[in-house]
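Number of protein chains: 2
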Amino acid sequence: MAQAGTVDRILDTAEVLFAQKGFAETSLRAITSKAGVNLAAVNYHFGSKEALIQAVFERFLTPFSAALGAKLDEMEASGTPDTPENVLGIVSRLALGTHPQDPQRAATFFRLSGQAYSQPQGHLRDYLHTHYGAVFKRLQAHLQRAVPDVPPMELFWRVQFSLGAVIFTLSGMQSLQAISRSDFNLDVSAADITRRLLPFLVGGIQAPMPDQLKVES
Amino acid sequence: MAQAGTVDRILDTAEVLFAQKGFAETSLRAITSKAGVNLAAVNYHFGSKEALIQAVFERFLTPFSAALGAKLDEMEASGTPDTPENVLGIVSRLALGTHPQDPQRAATFFRLSGQAYSQPQGHLRDYLHTHYGAVFKRLQAHLQRAVPDVPPMELFWRVQFSLGAVIFTLSGMQSLQAISRSDFNLDVSAADITRRLLPFLVGGIQAPMPDQLKVES
DNA sequence: GTATGTTTGAAACGTATGTTTTGAACACAG
DNA sequence: CTGTGTTCAAAACATACGTTTCAAACATAC
Numbered sequence: 039m040a041q042a043g044t045v046d047r048i049l050d051t052a053e054v055l056f057a058q059k060g061f062a063e064t065s066l067r068a069i070t071s072k073a074g075v076n077l078a079a080v081n082y083h084f085g086s087k088e089a090l091i092q093a094v095f096e097r098f099l100t101p102f103s104a105a106l107g108a109k110l111d112e113m114e115a116s117g118t119p120d121t122p123e124n125v126l127g128i129v130s131r132l133a134l135g136t137h138p139q140d141p142q143r144a145a146t147f148f149r150l151s152g153q154a155y156s157q158p159q160g161h162l163r164d165y166l167h168t169h170y171g172a173v174f175k176r177l178q179a180h181l182q183r184a185v186p187d188v189p190p191m192e193l194f195w196r197v198q199f200s201l202g203a204v205i206f207t208l209s210g211m212q213s214l215q216a217i218s219r220s221d222f223n224l225d226v227s228a229a230d231i232t233r234r235l236l237p238f239l240v241g242g243i244q245a246p247m248p249d250q251l252k253v254e255s
Numbered sequence: 039m040a041q042a043g044t045v046d047r048i049l050d051t052a053e054v055l056f057a058q059k060g061f062a063e064t065s066l067r068a069i070t071s072k073a074g075v076n077l078a079a080v081n082y083h084f085g086s087k088e089a090l091i092q093a094v095f096e097r098f099l100t101p102f103s104a105a106l107g108a109k110l111d112e113m114e115a116s117g118t119p120d121t122p123e124n125v126l127g128i129v130s131r132l133a134l135g136t137h138p139q140d141p142q143r144a145a146t147f148f149r150l151s152g153q154a155y156s157q158p159q160g161h162l163r164d165y166l167h168t169h170y171g172a173v174f175k176r177l178q179a180h181l182q183r184a185v186p187d188v189p190p191m192e193l194f195w196r197v198q199f200s201l202g203a204v205i206f207t208l209s210g211m212q213s214l215q216a217i218s219r220s221d222f223n224l225d226v227s228a229a230d231i232t233r234r235l236l237p238f239l240v241g242g243i244q245a246p247m248p249d250q251l252k253v254e255s
């Protein structure tokens, strides 16, 4: 990351700063000065700040969703049974392992995702849904086979709950670690949290259905 | 909300706008013009924009945490057994029912909380933790009695996971409803989602422990 | 009615932001 | 060398923001 081109230096720096301080709170001047490039370079290479944000996500998500697709192919080819543990395990190992040389990278990206998802107006949310919805649905289909007793709509929501638990927790890891440290005198890593997450998610996803769900207006 | 005083008109409007567009993306001018008050009124009555944000949270959270404390008193007095369903049920009914005259209000506030928690630098997160941490710990203690086999630290994280699932889902309800509608042709309300959430959370919180948790640096 | 303290209104201030411009530096083909 | 397209650098631009100012309006008590 030292002598990379202007474009990559911008992307690297923007990724970190966006995760640290948020989109609106990170100015182009902060990015360009820390990256050691000229202010105008962002608009020259990306067109606008919003395009920069999208580019940051694309650079991370495209390889990730491709890797996820490949893992699902593998799973189907090898006849691995569809259990919640297997399906969620793939995602978890992938999220933590796509950038083994930089263990911080995954945490940075979860923070980014958290911000993208909690942006109320939801540009990015829609963008993610349209561009990476296919792999997502494939994943959901595997989960459905793993818990056939859970109705599809219920599973849809449970997957959203899981997403929330994951992104929310890992995006706030820094603060949460401080609390955990003061309460338990113990440090935790992203891998540690993920290991704790898995049983929780499995338990939630395959929970028995409530007796009846009434729909109101 | 029609003829309220300046302070309340500001708070009402700010609450809605912050939830809709975020803190940084909502200008004082947008708030004051929509509230029909002068721009300077915010700085006059609250001192600064950040103080306004805190005031919005305080106005909602203080009654809520008081009500939660009362419900816990009630539970202890009546000898209601500490089960995950009972404890989580209290919170859920409270979150949905504190403002029965305005069902939108709860959703608005969840969106607010989502933004507060995902703000990376975490002023608000710390503020919430220090001001309302006591009730929170009390709740966690009840949960601990409900699932004595789960070690305290594990429970701590599971509560965080649950918080993530709740806030994340309800803060993104609007977008998620759109997806759900297109996938299932079905509409859902906040109460509906909450009813789906409960079994998920109960399943996650009382999930069996993984065989062993190694701690890494 | 006058005086006093509080609240509002309109305008201005200083600053930070995203973006645009213009020209120099550079790489490379003819 | 000359010309051409690309990248970079410095400066300026326009705008939006939070905040401050100061006088007018108001309420309340004496």
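As they're listed, the protein sequences go chains A and B. Quick note, the first sequence lines up with residues 39 to 255 if you use the working numbering. Quick note, the second sequence lines up with residues 39 to 255 if you use the working numbering. Note that CB positions come from ideal geometry on N, CA and C, so glycine has one too.
Asked                                                                                                                 : Found
Cβ contact (3+ pairs, closer than 8 Å) linking the region 220-237 of chain A and the region 186-193 of chain A        : no
Cβ contact (3+ pairs, closer than 8 Å) linking the region 165-177 of chain A and the region 69-87 of chain A          : no
Contact belief for B:L134 with B:A228 at Cβ below 8 Å, rounded distance in angstroms                                  : 6 Å
Proximal chain B residues relative to A:Q244, where beta-carbon distance stays under 8 Å                              : G241
CA-to-CA distance, B:P122 to B:L243, given in whole angstroms                                                         : Looking at the sequence provided, one finds Ile at residue 243 of chain B rather than Leu. Answer to the nearest angstrom: the Cα atoms are 8 Å apart.
Where the region 180-197 of chain A meets chain B: residues whose CB sits under 8 Å from a CB there                   : P190, M191, E192, F194, W195, R196
Pick from A:L49, A:A42, A:F56, A:R47 that is closest to A:S209, judged by C-alpha positions                           : A:F56
Listed by chain order, chain B residues near A:R67 by CB distance under 7 Å                                           : None at all; the shortest Cβ gap to chain B is about 16 Å.
Beta carbon proximity, A:Q92 to chain B, threshold 9 Å                                                                : no
Exposed unless 16 or more other CB atoms sit within 10 angstroms - verdict on A:M211                                  : buried
Burial state of B:P141, where buried means 16 or more other Cβ atoms lie within 10 Å                                  : exposed
Where A:Q182 sits in the DSSP three-state scheme                                                                      : helix
Partner residues on chain B for A:F199, Cβ-Cβ distance less than 7 Å                                                  : A203, T207, L235, F238
A:D221 (DSSP reduced to helix, strand or coil)                                                                        : helix
Collapsed DSSP secondary structure at B:E63 in the structure displayed                                                : coil
Cβ contact check for the region 197-208 of chain B and the region 145-154 of chain B: 3 or more pairs under 8 Å       : yes
Min CB distance A:G60 to chain B below 9 Å                                                                            : yes
Spatial neighbours of A:V204 in its chain, beta-carbon cut-off 7 Å, leaving aside the 5 residues before and after     : L235
Secondary structure of A:G107, DSSP reduced to three states                                                           : helix
A:P237 burial status per 10 Å Cβ neighbour count (16 or more: buried)                                                 : buried
Contact list for the region 211-224 of chain A against chain B, Cβ threshold 9 Å                                      : Q212, S213, L214, A216, I217, S218, D221, F222, L224
Alpha-carbon spacing of A:Q198 relative to B:R183, whole angstroms                                                    : 28 Å
Start and end residues, alpha helix (DSSP H) containing B:M191                                                        : 190-209
Near-chain B residues of the region 144-170 of chain A - C-beta to any C-beta below 8 Å                               : R149, G152, Q153, Y155, S156, Q157, P158, Q159, G160, R163, D164, H167
B:A42 to B:Y155 span [Cα, whole Å]                                                                                    : 30 Å
Neighbour flag for A:E53 against chain B, beta carbons, 9 Å                                                           : no
C-alpha gap between B:S200 and B:Q178, whole angstroms                                                                : 12 Å
Sufficient close CB pairs (3 or more, under 8 Å) joining the region 111-119 of chain B to the region 50-68 of chain B : no
Per-residue DSSP class, three states only, for A:Q142                                                                 : helix
Rounded separation between B:L181 and A:K109 - CA only                                                                : 37 Å
C-alpha gap between A:E63 and B:Q157, whole angstroms                                                                 : 10 Å
Integer-rounded CB distance, given that B:V240 should sit under 8 Å from B:L162                                       : Actually they do not touch by this definition, with Cβ atoms about 28 Å apart.
B:L106 versus A:I217 - alpha carbon distance                                                                          : 22 Å
Interface residues of chain A facing B:I128 [CB-CB closer than 9 Å]                                                   : By Cβ distance, chain A contributes nothing, its closest Cβ being about 17 Å from B:I128, past 9 Å.
9 Å Cβ cutoff, B:P138 in contact with chain A                                                                         : no
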